[in-house]
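Note that the protein sequences, when read in sequence, are chains F and W.
Counting in my numbering, the first sequence runs from -4 upward without gaps.
Counting in my numbering, the second sequence runs from -4 upward without gaps.
There are 2 protein chains.
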Amino acid sequence: MGKKATINDVAKIANVSIATVSRYLSNNGYPIKEQTKKSIKNAILQLSYTPNIVGRMLKTNKSMDIGVIIPTILNPYYPAVIYGIEKKAYEKGYNILLCNSQRDANRQKQYVNTLIQKQVKGLIISSIGDDFLLYSDIVSKGIALVSLEDEISLDKVGQVLFNYEKGAYMAISHLLKLGHKKIAFLTSPLVRKSRKDILKGYIKCLKDNNVTYNKVVEINEENEYENGALLGAKLLLEDDLPTAILAVNDMVAYGVMQYLTQNKVKIPEDISIVGFDDIKISKMMNPALTTISQPSQKTGELAVSMLFDILEGKESKKILLEPELIIRASTKKI
Amino acid sequence: MGKKATINDVAKIANVSIATVSRYLSNNGYPIKEQTKKSIKNAILQLSYTPNIVGRMLKTNKSMDIGVIIPTILNPYYPAVIYGIEKKAYEKGYNILLCNSQRDANRQKQYVNTLIQKQVKGLIISSIGDDFLLYSDIVSKGIALVSLEDEISLDKVGQVLFNYEKGAYMAISHLLKLGHKKIAFLTSPLVRKSRKDILKGYIKCLKDNNVTYNKVVEINEENEYENGALLGAKLLLEDDLPTAILAVNDMVAYGVMQYLTQNKVKIPEDISIVGFDDIKISKMMNPALTTISQPSQKTGELAVSMLFDILEGKESKKILLEPELIIRASTKKI
DNA sequence: CTCCTTATAGTAAACGTTTACTAATATTTA
DNA sequence: TAAATATTAGTAAACGTTTACTATAAGGAG
Chain F
-4 MGKKATINDV
6 AKIANVSIAT
16 VSRYLSNNGY
26 PIKEQTKKSI
36 KNAILQLSYT
46 PNIVGRMLKT
56 NKSMDIGVII
66 PTILNPYYPA
76 VIYGIEKKAY
86 EKGYNILLCN
96 SQRDANRQKQ
106 YVNTLIQKQV
116 KGLIISSIGD
126 DFLLYSDIVS
136 KGIALVSLED
146 EISLDKVGQV
156 LFNYEKGAYM
166 AISHLLKLGH
176 KKIAFLTSPL
186 VRKSRKDILK
196 GYIKCLKDNN
206 VTYNKVVEIN
216 EENEYENGAL
226 LGAKLLLEDD
236 LPTAILAVND
246 MVAYGVMQYL
256 TQNKVKIPED
266 ISIVGFDDIK
276 ISKMMNPALT
286 TISQPSQKTG
296 ELAVSMLFDI
306 LEGKESKKIL
316 LEPELIIRAS
326 TKKI
Chain W
-4 MGKKATINDV
6 AKIANVSIAT
16 VSRYLSNNGY
26 PIKEQTKKSI
36 KNAILQLSYT
46 PNIVGRMLKT
56 NKSMDIGVII
66 PTILNPYYPA
76 VIYGIEKKAY
86 EKGYNILLCN
96 SQRDANRQKQ
106 YVNTLIQKQV
116 KGLIISSIGD
126 DFLLYSDIVS
136 KGIALVSLED
146 EISLDKVGQV
156 LFNYEKGAYM
166 AISHLLKLGH
176 KKIAFLTSPL
186 VRKSRKDILK
196 GYIKCLKDNN
206 VTYNKVVEIN
216 EENEYENGAL
226 LGAKLLLEDD
236 LPTAILAVND
246 MVAYGVMQYL
256 TQNKVKIPED
266 ISIVGFDDIK
276 ISKMMNPALT
286 TISQPSQKTG
296 ELAVSMLFDI
306 LEGKESKKIL
316 LEPELIIRAS
326 TKKI
C-alpha cells in the first residue's frame, strides 16, 4: 500500500539495469539472456510492479487515448455510437476518454481543453453547434479529429455525416402519402446543424407538395425526454392542431407521445407521429414508433476507422450515411 | 502543427524562467509582477501553448482520472449510472475513463490493468462475477475502489449495493397477489451476484407461499435484448407454460415481450411479465412494463461520493439501496 | 592471433512539469 | 541605519520511462 514500485526497484532486485528491465517489458526482440529474463520476471512478481504509463507517455509522446465528446449519454442513440467507437478502439489497443458536454458550449470547450492537455491521440466529437474555431484549434495542435453529424469546411477533419434533410423529407413524404396535411415539427433547440437540416427537409417537402400548413414548435431546454412533455403542452395550446408530428428524435417523440396520451390524445388515431434515429427500443414502444433509421453503431465504428486513417496520414474524408424509413404503428392514414 | 510548445518555449519568449511560468499557470497565490504576468500571457497566446498534463502528472503524481468499468453500455441502465458518475466527477474536476467489459472476464481484467497503468486515482467497477483477487489487487495498489452491485468482503472498498433479493421478492409477491401460481424466471447467465440474488428472492418468495411450480430459464449469451428472443423461444418449448414471468432486467423483458408478441402470446392477457431496473423508457413500452425500480443515476453519484470519501481517508462504507415496485400494464389478474 | 560480428547489458540524457532552495531586491520596523 | 521581512524570480533536481550510445565478452572468419 506504500509507494508503488518503479522500474528502478525492479532493476535493483533483479540486479540488472533499468534499461534491461525496460527492454524486457517492451518485448521488442532485443536479445536478453533467459537467466536475466527470469530474474526480472521474479522481481516484477515480487513487487507486483505495474509500469507507469505516464512515464512512458512523457518519453515516447505516444498516447493511446481517444477523446470522445457527446452531447448526452441519456439518449440511447449515443451509447450505441460509443459502443461502436469502443469496439473498434479496443481492437487497436486504444482507450477512450468519455465526456458528456450536456449540450453546454462552455463545458464542451472545457472538455476539449482537458483532452488536449491529456495528450489524446485523437478526438471524436459530436458537437453542439458548429464552432469552427474549436475545430481549427484542435487540428492546429496536430490532434486527429473526426466530427460526427456536423459538417465542417475544414481540411484534415474526418466527418461521419448523416443525410438529415433527406431523412426528414422521407418522413414528411410518408405522412403526406397517408393523407396528412397538417404536420408539425417538434424539436429541441435548433442549434445543431443536424437539427437545422431536419427542419430544412421538413420545409422543403411541404413546399414541394404545395402544403401551406406548417408549424415548428421549439423548446428551449436540452433534456430530450422531458422536453417531450413541454413540447406536447405547447402544442396543445395551439388552436389549429396538426394531425401528424415529426419529432426531432425518438426520445423527444416518446416524451411527446407520453404527454399526449396522458392528455387523451390517441396515437395514431388522433395524431400520427414520426421519430428520428430508430434507437433499439423504438420497435417496442407503445405504439411502435415509425421513424427514420440512423446507423448509430456503424457511425461510431466509421469514426474510429477514420481517425486511424488520419493518424496514418491518409487523406481525411467525409462519409454521408443515408436514412431509411421504418414504418411502424405510430402513423396511420387520416 | 509542428511540435507542440512547451513551458520552455513560453519561458524563453517571455524572458523568464520556467519556474515562473509554472507558477503563473498554477495560479496559487505565489506573487508575480503584473508586468511579468503580462508577458507570460502574451507568450502563451502567441504559441497557443497548452500545458502537458502528462508532465505534470509524472511530477505531482496527482491523477485527475477515474476509471469506470461497466458490463455493457447498451443496456440504458448503465448510461444512467454513468450520467450520475460523470456529473459528480465533473464537479470535482475529474475525468472518467470509460471501459466496457462486454461481460468478458479477460477484457475486464485487461481494462483494470490498463487503468492502473494509467494511474487512475480511483476505480468504479460494476464487475461481472465476483473476482476477489481482482479487487484486492486494485486495493493493494493504493487505488480507491468502489464496487457497484457486487458485495465484497474486503475492507477499504466502497460498495453501492442494491437489494436484489428483496426486489425479486416484491415482484413475485405482486404476481402471486394477482393470482399467478406458475411463474418463471428468465435470465442471462447467473454469474453476477446481483442475478443470483434475484434468483434467491424468486425462490424464497415461492417457498414462503408454498408454491411448488418454479422454472428458471437461463441463456448462455450476454446480449440482453437479443437474449430476450432466445429466452422466449426456449420458454415456448416447455410443455407446462407459466402464466407470469420475472425477467432479470428490463431489456431482457423487452426482448421476451417482443418475441412472445410476435408468436401470438398476448401480454398481459396470456402471460404477465415483470422486469427489473425501471429504465427511463419502461413506462413507454407496449405494454408499459411493471418493474422493480433501481435508482441508476443515484447509484452513480453515490459511487463517486464514496470514491472521494475513500480518497480523503474516510472510512469506506456500504450503501444498500432499496427496491420499489412499479406497477404498470404488463401484469394483470389471472 | 587479429579483426568482425553477435549477443548481452549498462550509462546517461531526455520527455514536460513542479517545487524546494536560494538569491536578489524593495520595503518595513525598531 | 541596520536588521528583518516581503516580494519576486531563478536553479536544479526529481517524477518513471525509453533509447541512442557505449561496453564487454564470446565466437567466427581470415
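Using N, Cα and C, we set each Cβ at its ideal position, and we do this for glycine too.
Owing to the predicted nature of the structure, the values given are computational and were not obtained by experimental measurement.
* Output the distance between the C-alpha atoms of N3 of chain W and Q41 of chain W, rounded to the nearest integer angstrom. => 14 Å
Handout entry: Complete runs of the alpha helix (DSSP H) confined to the stretch 22 to 104 of chain W [at least 4 residues]
Key = The stretch 22 to 104 of chain W contains these whole alpha helix (DSSP H) runs: 29 to 42, 48 to 55 and 72 to 86.
- Query: Taking the Cβ atom as the reference point for each residue, do K327 of chain W and L201 of chain W lie within a distance shorter than 8 Å?
  - Reply: The answer is no: Cβ separation not under 8 Å.
- [ ] Closer than 8 Å by beta-carbon distance: list the chain W residues that pair up with G50 of chain F, in chain order.
- [x] L53
request  = Kindly indicate which residue of F:F180, F:R51 and F:N108 has the alpha-carbon position closest to the one of Y44 of chain W.
outcome  = Nearest option by C-alpha distance: F:N108.
Subject >> Cutoff 8 Å: L92 of chain W Cβ touching any chain F Cβ >> reply: yes
State the CB to CB distance for the pair L315 of chain W and G153 of chain W, rounded to an integer number of angstroms; the pair is presumed to be in contact (CB under 8 Å). Wrong, their Cβ atoms sit about 13 Å apart, outside the cutoff.
Report task. Within 10 angstroms of the Cβ of S148 of chain F, are there 16 or more other Cβ atoms? Answer buried if so, exposed if not. Result -> exposed
Expected contact under 8 Å - CB spacing of P237 of chain W and A324 of chain W to nearest Å:
Rounded, the Cβ-Cβ distance is 19 Å, inconsistent with contact.
Checklist entry - Taking Cβ-Cβ distances below 8 Å as the criterion, which residues of the stretch 228 to 262 of chain F are in contact with chain W? => result Y249, M252 and Q253
With DSSP collapsed to three states, give me the class of G270 of chain F.
strand
For E219 of chain F, the first and last residue of its enclosing beta strand (DSSP E): E219 of chain F: not part of any beta strand (DSSP E); member of the alpha helix (DSSP H) spanning E219 to L232, first to last residue.
Excluding the five sequence neighbours on either side, which residues of its own chain have a C-beta within less than 7 Å of the C-beta of N204 of chain F, listed in chain order? L171
- Would you list, in chain order, the members of the stretch 261 to 292 of chain W that have their beta-carbon closer than 8 Å to a beta-carbon of chain F? K275, I276, K278, M279, M280, N281, P282 and A283
Determine the extent of the beta strand (DSSP E) in which K210 of chain F is found, giving its start and end residues. K210 to E213
(message) Just verifying my parser: in three-state terms, what is the DSSP assignment at I119 of chain F?
(response) strand
message = I believe N69 of chain F touches L92 of chain W by the beta-carbon criterion, under 8 Å. Please report the beta-carbon distance rounded to the nearest angstrom.
response = Rather than Asn, the amino acid found at residue 69 of chain F in this sequence is Leu. Going by Cβ atoms, the distance from L69 of chain F to L92 of chain W rounds to 20 Å, so no, they are not a contact pair.
From W:S300, W:I329 and W:T55, residue whose alpha carbon lies closest to that of E86 of chain W:
W:S300
Within-8 Å CB hit, N47 of chain W to chain F:
yes
Quick check on this structure: which residue in F:I214, F:K293, F:K313 and F:L320 has the alpha carbon closest to the alpha carbon of Y72 of chain F? F:K293
query = With DSSP run on the structure shown, which of helix, strand or coil describes T286 of chain W?
reply = strand
#### Entry: Alpha-carbon to alpha-carbon, T31 of chain F and S277 of chain F
60 Å
**OP:** Take V115 of chain W and list the residues in its own chain whose beta-carbon comes closer than 7 Å to its own, dropping the five residues that flank it on each side.
**Re:** Spatial neighbours of V115 of chain W in its own chain (CB-CB distance under 7 Å, excluding positions within 5 residues in sequence) are listed in chain order as S58, D60, I61, G62, L92 and I138.
Notebook entry, point to check: I think T285 of chain W touches F271 of chain W, with their Cβ atoms under 8 Å apart; what is that distance to the nearest whole Å?
Noted result: Incorrect: roughly 10 Å between the Cβ atoms, too far for contact.
Below 8 Å between beta carbons: does that hold for M280 of chain F and M246 of chain W? no
Specify the secondary structure class of G153 of chain W as computed by DSSP and reduced to three states.
strand
Proximal chain W residues relative to K136 of chain F, where beta-carbon distance stays under 9 Å
By Cβ distance, chain W contributes M(-4), K(-1), S43 and T45.
What are the residues that DSSP puts in a beta bridge with V141 of chain F? F:I119 and F:G153
### Message
Please confirm whether Y19 of chain W has its beta-carbon closer than 8 Å to some beta-carbon of chain F.
### Response
no
Discussion item. As an exercise, report each continuous beta strand (DSSP E) stretch of at least 3 residues that is fully enclosed by the stretch 153 to 202 of chain W, in chain order.
Written reply: 178 to 182
Tell whether a beta-carbon distance below 8 Å holds between V269 of chain W and H169 of chain W.
Result yes, Cβ atoms of V269 of chain W and H169 of chain W sit closer than 8 Å.
**Cutoff 6 Å; reference I35 of chain F; Cβ partners in own chain excluding five residues on either side** = If we look at I35 of chain F and ignore the five residues flanking it on each side, its Cβ neighbours are A9, V16 and Y19.
As assigned by DSSP and simplified to three states, the class of K378 of chain W = Look at the range of chain W in this structure, -4 to 329, and you will see that residue 378 of chain W is not part of it.
- Just the C-alpha distance for A179 of chain W and N244 of chain F, rounded to the nearest angstrom, thanks. The C-alpha of N244 of chain F is placed about 36 Å away from the C-alpha of A179 of chain W.
Report the three-state DSSP secondary structure of L316 of chain F (helix, strand or coil). strand
Inset, instruction - State yes or no: is the C-beta of L297 of chain F nearer than 7 Å to some heavy atom of the ligand FAD? - result: With respect to the ligand FAD, the structure offers nothing, as it holds no ligand at all.
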